[in-house]
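Everything on this sheet refers to the single structure shown next.
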Amino acid sequence: MPFSVREGINVFLEGYIRTENLRFRDVELTFKIAERAKDYELKQHYVQKYPRMTKTFSTFQLTIEPGEFSESEIIVLLGQNGTGKTTFMRILAGLEKPDTDVNLSR
18 MPFSVREGIN VFLEGYIRTE NLRFRDVELT FKIAERAKDY ELKQHYVQKY PRMTKTFSTF
78 QLTIEPGEFS ESEIIVLLGQ NGTGKTTFMR ILAGLEKPDT DVNLSR
């Protein structure tokens, strides 16, 4: 019988299918939850910082506040459709240019 979504996710994280007595990964995957990266010690290999930026289209203006992230973090962008999530990522990737000339190291 197939697993529910919740059960399937738990099986994946545990690395073990109880009903089959089958281990497919030696180590269980666990995640630490923090409000900000500074709430816990993080070994950072590379930190990407970005300044305050804006991007204006004919009917939309995106304002990006300064921030940073590291290669060892998993960041989730949540928001309603049309709020600028993809535009923000395209700017960070260098596929879109912000309104002002800013230095984004790559």
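Taking my numbering, the leading residue of the sequence shown gets 18, the next gets one more, and so forth.
Don't be surprised by glycine CBs; every beta carbon is placed ideally from N, CA and C.
On a predicted model such as this, the values are computed, not experimentally measured, just so you know.
Distance from the CA of E45 to the CA of P19, rounded to the nearest whole angstrom, comes to 21 Å. The three-state reading of DSSP puts T80 in strand, counting E and B together.
Residue range 70 to 73 is occupied by the beta strand (DSSP E) that includes K72. Within the same chain, Cβ atoms closer than 8 Å to the Cβ of F41 are found at G32, Y33, I34, the five residues on either side in sequence being excluded. Excluding residues up to 5 positions away in sequence, Y33 lie with their Cβ nearer than 8 Å to the Cβ of L39 in the same chain. Nearest Cα to H62 within the set L109, E82, F86, E113: F86.
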